[in-house]
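Residues 273 to 427, numbered by my numbering, are exactly what the sequence shown covers, in order.
Beta carbons are placed, not taken as given, at the ideal position from N, Cα and C, and that holds for glycine.
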Amino acid sequence: MTIRERLLLAFVAVVAVVIAAAAAYRTRYGVDVTDEAFSVAMQWEFVLGNAPFADEHAIQQTAAILVVPAVAARTALVGGTDGLVIFVRHLYWCLALAASAVCFLALKRYVRKPAALAAAVLPLAFVPFATPSLNYNTMGALLFTIGAMAGAASL
């Protein structure tokens, strides 16, 4: 690797870290009273004991069921719902970071590392429907990205 390629990789890595930090910082700000509130409320009602597909009939519950164990563990530790929305936003950031890591690992097999890193940061930079929370839209997008990139890496 030449010095120019190393400098380019270092620059792209710094930009990627700044984007990841900005995405983490953004999770604490903003209010969404549509999908985010609905998704967190559905996860919470399952923690309270509602039965999936019996007490809840919305199709979006399939995504909420995946997050219930984390919400239940957090509720057991904290003892209530204080900060629950921010916790679910942090879970979103972790999933987006995992998607970025899988993208990088898959793409570096096909393109140079700076290009792979620049493309891999997209799951962190782009937030579907401007809702940085684990809901049926964002989980579908991120889990599809992880699956597609894992498939590409296996080729």
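Proximity below 8 angstroms, CB of residue i to CB of residue j
{"i": "Ala342", "j": "Leu363", "result": "yes"}
{"i": "Ala425", "j": "Ala378", "result": "yes"}
{"i": "Met314", "j": "Ala336", "result": "yes"}
{"i": "Asn407", "j": "Glu308", "result": "yes"}
{"i": "Leu367", "j": "Trp316", "result": "no"}
{"i": "Pro400", "j": "Thr417", "result": "no"}
Euclidean distance between Cα positions of residue i and residue j
{"i": "Leu369", "j": "Ala288", "result": "11 angstroms"}
{"i": "Ala371", "j": "Arg300", "result": "21 angstroms"}
{"i": "Asp354", "j": "Arg381", "result": "43 angstroms"}
{"i": "Ser311", "j": "Phe318", "result": "11 angstroms"}
{"i": "Tyr297", "j": "Arg361", "result": "11 angstroms"}
{"i": "Thr274", "j": "Ala282", "result": "12 angstroms"}
{"i": "Leu427", "j": "Ala420", "result": "11 angstroms"}
{"i": "Ala258", "j": "Ala323", "result": "Lying outside 273 to 427, the shown extent of the chain, residue 258 is not represented and no answer is given."}
{"i": "Ala326", "j": "Val286", "result": "49 angstroms"}
{"i": "Ile291", "j": "Thr334", "result": "30 angstroms"}
{"i": "Gln332", "j": "Gly423", "result": "26 angstroms"}
{"i": "Ala352", "j": "Leu389", "result": "It is worth fixing the name first, because residue 352 is Gly in this sequence and not Ala. Each residue's Cα considered, the two are about 39 angstroms apart."}
{"i": "Pro404", "j": "Val339", "result": "14 angstroms"}
{"i": "Arg346", "j": "Trp365", "result": "16 angstroms"}
Buried/exposed call for residue i, threshold 16 Cβ in 10 Å
{"i": "Val350", "result": "exposed"}
{"i": "Cys375", "result": "buried"}
{"i": "Phe359", "result": "buried"}
{"i": "Ala295", "result": "buried"}
{"i": "Leu414", "result": "buried"}
{"i": "Val383", "result": "exposed"}
Of the listed residues the options, nearest to residue i (C-alpha basis)
{"i": "Ala279", "options": "Met411, Phe416, Lys385 and Met421", "result": "Checking the sequence, you will find Leu at residue 279 rather than Ala. Of Met411, Phe416, Lys385 and Met421, the residue nearest in Cα terms is Lys385."}
{"i": "Ala284", "options": "Gly321, Val399, Phe401 and Ala387", "result": "A quick correction: the sequence has Val, not Ala, at residue 284. The shortest Cα separation from Val284 among Gly321, Val399, Phe401 and Ala387 belongs to Ala387."}
{"i": "Val303", "options": "Met421, Ala402 and Tyr408", "result": "Ala402"}
{"i": "Ala344", "options": "Val393, Gly321 and Phe398", "result": "Gly321"}
{"i": "Thr306", "options": "Gly423, Leu414, Ile291 and Asn409", "result": "Asn409"}
{"i": "Val393", "options": "Gly412, Ala373, Pro404 and Met411", "result": "Ala373"}
Just list the alpha helix (DSSP H) runs in the segment 304-387, keeping only unbroken ones of 4 residues or longer that don't cross its boundaries, in chain order. 307-319, 333-350 and 356-379
Restricting to runs no shorter than 4 residues, where is the alpha helix (DSSP H) found entirely within the segment 273-302? 275-298
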